[in-house]
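**Student:** Take a look at this one; I'll ask things after.
2 protein chains.
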Amino acid sequence: MEMERVHNFNPGPAALPREVLEQAQRELLSYDRSGMSVMEISHRSAAFEAIIGEARDSLKELMNIPDNYRILFVQGGASTQFAAVPLNLFSKNGKADYVVSGNFAQKAKEQAERYGLVNVAASSKDKNFSYIPALDRAKFTPDADFFHITLNNTVYGTRFTSLPETGDIPIVADASSCILSEACDVSRFGLIYAGAQKNIGPSGVTIVIVREDLVGHALACAPVMLDYKTYVESDSLYNTPPTFAIYMSLLVFRRLKALGGVSAIQKINEEKAAYLYNFIDNSKIFTGTAERKDRSIMNVTFVLPSKELDAKFVREATAAGLVGLKGHKAAGGMRASIYNAVEFESVKALVEFMKKFELENGGAL
Amino acid sequence: MEMERVHNFNPGPAALPREVLEQAQRELLSYDRSGMSVMEISHRSAAFEAIIGEARDSLKELMNIPDNYRILFVQGGASTQFAAVPLNLFSKNGKADYVVSGNFAQKAKEQAERYGLVNVAASSKDKNFSYIPALDRAKFTPDADFFHITLNNTVYGTRFTSLPETGDIPIVADASSCILSEACDVSRFGLIYAGAQKNIGPSGVTIVIVREDLVGHALACAPVMLDYKTYVESDSLYNTPPTFAIYMSLLVFRRLKALGGVSAIQKINEEKAAYLYNFIDNSKIFTGTAERKDRSIMNVTFVLPSKELDAKFVREATAAGLVGLKGHKAAGGMRASIYNAVEFESVKALVEFMKKFELENGGAL
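Top line first, the protein sequences correspond to chains U and A.
Counting from 1, one number per residue, gives the positions in the first sequence under the numbering used here.
Counting from 366, one number per residue, gives the positions in the second sequence under the numbering used here.
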């Protein structure tokens, strides 16, 4: 059946590839001729072991993950990792550096403070997180157990374009809103975590990519289900995982491989972002809010000259089938999240709508 | 499209109602004419707030949950609750009683021991958990913060048919494999938790029903995402919840209401279980493994006279479209999980198959 679909700019949960949804729809009552939905099969069955195994292998291939890293499928979102990271990694000196580049970075830092000594190595709070702060090694903790960054700041539309030089201190990155969107040298990180609901699948599964030597040293108070060792030893099958969300992630991984992998999607993502930023930079009424050098290619933030116009824009865009454009309350204005699953066609439709809006509303300014 | 479906006796993830799957299938690409899958809409949208709100209200109605209880939608399964319960409830004396009536009860106890003093009030380990142990109040801890039981033991096919008399000490119950299967006086409990993947929806969402006065006293080391207060204060929307799993749960709640609620399904469940146990009790080759007085109406465990016959039975049943019958490795033999979504027709098909198997194999004994 043909369904009318909208242009979906939601920040997460976000757009999924149409063909992935169609495949899930086709086999929703009988997965692989089993006579059961994928939701109804045991996580201990050969069928599900094949699903989670292929998901793991596909992600390893897509991100070119070295052999000394483990891929874990966990639950609870990045917010659970905000505790799991320090609970697992505060094993030597109980110290860590955090770059506070947004509200989620701030939340990550606050949870780490429950378990050890946290140093804010840099912050961009002074300008409402509209940029990535410069890093000064003199402000790093020499004996930190890890160095935490938020690779892409969903709310503010900024991203790290280079990684801090931390020597032997492992970099830990929240990559929730940019995983698989562009090339990433995993060997530069000790640990990468990402909620799936932006660039991968539906909400309910979280990916952890962790260097093996960082596993097995959790604090005594770490719950079993927050200890990475539990997942490493059981291949993420210690208890019932979110089977359907993992299955959907696999379908997304398969599609990304078919499209040519991360380098291919990166090119498309850069083109999509450039197309939108280029329009904004040449507009008389739309203004980008993130510093140009730190602009995200996943979340494009912009404002109009007044809050009234912002609200009018969001309202009229929604009515025109362009949804999810309202900015986060902490940032205001608008945000177009243009993750992997958002087609260039949707970005073009957005720019056309912005042009029309500018024509209709530019004169009054 | 018509799909061949099997008789699904999986212990969890388990059978879902066909009409629920069909509705999910119909609207998988466009939920409620939104032009988006329910997986693609924001958890902050009015549409999703309506879903989670109706899910909460429906469960409250179905279980007749008193006003001084809160319903939380969390992640991580019962195994995460094994830590969350002591982390939240060890607020007075750091002591608790646990009844060890199965392997999951044992795991719950072990996690609690990380955070306080745990007393095993009773255990049925001596006979491989084939019964619910008698409770002796003399063995209860007078100043325990809570008293933990596993209401239905999925692996061994037993259930509590009466609750312990604990006075003011709150009873905490793992109800993963029996929630919504029979009437339950919630006011007798301080807290009930249940992974959804047996009697409710797909895996990935866990229900917590907690008396308000037990919230807000978590230990300092409790991660934010394991602190019940986080969910109470945010209506379970502190971070992105497992939106699709909650939507599926809502569809199951709606269907159960339409069927007449818990009392109606309880009658059907008792009939299904009686039908199967009656056949087993009159069989010459099948033997039930749980003590009769403690028999579960959700998980029916039984054996044949030899492991070879057990294996043959499971193999031939699977080939005949009766799946998920192999017992848990800790219990051996067979197990038919006959949760709410398993139709009487499936139980009848199983009994017919068992009759045939008995005819074909009984002579050799």
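For each residue, glycine too, the CB sits at the ideal point set by N, CA and C.
Under DSSP, the beta strand (DSSP E) around PHE511/A begins and ends at which residues?
**Tutor:** Here the beta strand (DSSP E) through PHE511/A covers 511 to 515.
**Student:** Can you tell me the Cα-Cα spacing of ALA499/A and ALA487/A, whole angstroms?
**Tutor:** So the alpha carbons of these two residues sit roughly 7 Å apart.
**Student:** Give the straight-line distance between the Cα atoms of ALA610/A and SER45/U, rounded to the nearest whole angstrom.
**Tutor:** Answer to the nearest angstrom: the Cα atoms are 20 Å apart.
**Student:** Which residues does DSSP list as the beta-bridge partners of LEU72/U?
**Tutor:** VAL208/U, per the DSSP bridge assignment.
**Student:** Check distances from the C-beta atoms of the segment 469 to 490 of chain A to those of chain U and list, in chain order, the residues that come in under 9 Å.
**Tutor:** Within the segment 469 to 490 of chain A, the qualifying residues are LYS472, GLU475, GLN476, ARG479 and TYR480.
**Student:** Do MET298/U and CYS178/U count as a contact pair if the criterion is CB distance below 8 Å?
**Tutor:** Yes; because the gap between Cβ atoms is below 8 Å, this pair is in contact.
**Student:** Strictly under 8 Å for the Cβ-Cβ distance: is PHE189/U near chain A by that measure?
**Tutor:** It does not; no Cβ of chain A falls within 8 Å.
**Student:** Applying the criterion that 16 or more other CB atoms from any shown protein chain within 10 Å of the CB defines a buried residue, is ASN278/U buried or exposed?
**Tutor:** Exposed: under 16 other Cβ atoms inside 10 Å.
**Student:** Return the chain-ordered list of same chain residues with a C-beta closer than 6 Å to the C-beta of ALA15/U, the five sequence neighbours on each side being excluded.
**Tutor:** ASN8, ALA341 and VAL342, listed in sequence order.
**Student:** Taking just the CA atoms, how far does ASP67/U sit from MET1/U?
**Tutor:** Unreliable placement is indicated for MET1/U, whose pLDDT of 41 sits below 50; no coordinate value is reported for it.
**Student:** Any idea which residues DSSP pairs LYS460/A with across the strands?
**Tutor:** Answer by DSSP bridge pairing, in chain order: LEU482/A.
**Student:** Give a yes or no on whether the C-beta atoms belonging to ARG700/A and GLY522/A are separated by under 8 Å.
**Tutor:** Their beta carbons are under 8 Å apart, which means ARG700/A touches GLY522/A by this criterion.
**Student:** To which residues of the same chain is PHE140/U closer than 6 Å at the C-beta, ignoring the five residues directly before and after it?
**Tutor:** Answer for PHE140/U: ASP97 and ALA121, listed in chain order.
**Student:** Mark PRO241/U as exposed unless 16 or more other C-beta atoms lie within 10 angstroms of its C-beta, in which case mark it buried.
**Tutor:** Under this definition PRO241/U is a buried residue.
**Student:** Name the chain U residues that come within less than 8 Å of PHE374/A, Cβ to Cβ?
**Tutor:** Here the premise fails: no neighbours, minimum Cβ distance about 10 Å.
**Student:** Can you list, in chain order, the residues of its chain with a C-beta nearer than 7 Å to that of LEU516/A? Leave out the 5 residues immediately preceding and following it.
**Tutor:** Same-chain partners within the cutoff: ARG524, PHE525, ALA538, ASP539, ALA540 and CYS543.
**Student:** Taking ASN239/U as the query, report the chain A residues whose CB atoms sit under 7 Å from its CB, ordered along the chain.
**Tutor:** Ordered by position in chain A, the residues that pass the 7 Å Cβ test against ASN239/U are GLY442 and SER444.
**Student:** One question on the structure: do ILE534/A and PHE511/A come within less than 8 Å of each other, judged by their Cβ atoms?
**Tutor:** Yes. Within cutoff.
**Student:** Comparing alpha-carbon positions, which option in ALA78/U, ILE149/U and ILE71/U lies nearest ILE132/U?
**Tutor:** If we check each option's Cα against that of ILE132/U, ILE149/U comes out closest.
**Student:** Between the alpha carbons of GLU414/A and MET719/A, how many angstroms are there, rounded?
**Tutor:** Using only the alpha carbons, I get a separation of about 47 Å.
**Student:** Determine, using beta carbons only, whether MET298/U comes closer than 8 Å to chain A.
**Tutor:** So, not an interface residue.
**Student:** Whole angstroms are fine: how far does the CA of THR230/U sit from the CA of HIS43/U?
**Tutor:** So the alpha carbons of these two residues sit roughly 16 Å apart.
**Student:** What do you reckon, are the CB atoms on PHE90/U and ALA108/U nearer than 8 Å?
**Tutor:** Cβ atoms of PHE90/U and ALA108/U: not closer than 8 Å.
**Student:** Roughly how many angstroms separate the alpha carbons of GLU577/A and LEU528/A, rounded to a whole number?
**Tutor:** Their Cα atoms are separated by approximately 21 Å.
**Student:** Taking the Cβ atom as the reference point for each residue, do ASN634/A and SER546/A lie within a distance shorter than 8 Å?
**Tutor:** Result yes, Cβ atoms of ASN634/A and SER546/A sit closer than 8 Å.
**Student:** Note down, in chain order, every chain U residue with its Cβ under 9 Å from the Cβ of GLU369/A.
**Tutor:** Simply SER30, ARG33 and GLY35.
**Student:** Look at the alpha carbon of SER263/U and the alpha carbon of LYS257/U, and state the distance between them as a whole number of angstroms.
**Tutor:** Going by the C-alpha atoms only, they are around 10 Å apart.
**Student:** Short of 6 Å in beta carbon distance, which residues of its chain neighbour SER79/U, apart from the five on each side in sequence? Order them along the chain.
**Tutor:** There are no such residues.
**Student:** Using the rule of at least 16 other Cβ atoms within 10 Å of the residue's Cβ for burial, across every protein chain shown, is GLN378/A buried or exposed?
**Tutor:** Note that residue 378/A is Pro in the sequence shown here, rather than Gln. Its Cβ being crowded by 16 or more others within 10 Å, PRO378/A is buried.
**Student:** Listing by chain order, which chain A residues have their CB less than 8 Å from the CB of PHE244/U?
**Tutor:** Near PHE244/U (Cβ distances below 8 Å), the residues of chain A are PRO567, SER568, GLY569, PHE609 and ALA610.
**Student:** Please list the partners that HIS408/A has in chain U, where partner means a Cβ-to-Cβ separation under 9 Å.
**Tutor:** The answer, in chain order, is GLY12, PRO13, GLN197 and SER203.
**Student:** Under 8 Å, Cβ to Cβ, is there at least one residue of chain U near LEU381/A?
**Tutor:** Yes, LEU381/A counts as interfacial toward chain U.
**Student:** So, with DSSP's three-state summary, where would you put ALA610/A?
**Tutor:** Looking at ALA610/A - three-state DSSP - the assignment turns out to be helix.
**Student:** Helix, strand or coil: which one does DSSP assign to TYR558/A?
**Tutor:** In the structure shown, TYR558/A sits in a strand (DSSP, three-state: E or B).
**Student:** Given a threshold of 16 other Cβ atoms within 10 Å of its Cβ, counted over all protein chains shown, does ARG315/U qualify as buried or as exposed?
**Tutor:** It is exposed - the Cβ of ARG315/U has fewer than 16 other Cβ atoms within 10 Å.
**Student:** Can you grab the Cα-Cα spacing for the pair LEU591/A / ARG56/U, in whole Å?
**Tutor:** Going from the Cα of LEU591/A to the Cα of ARG56/U covers about 27 Å.
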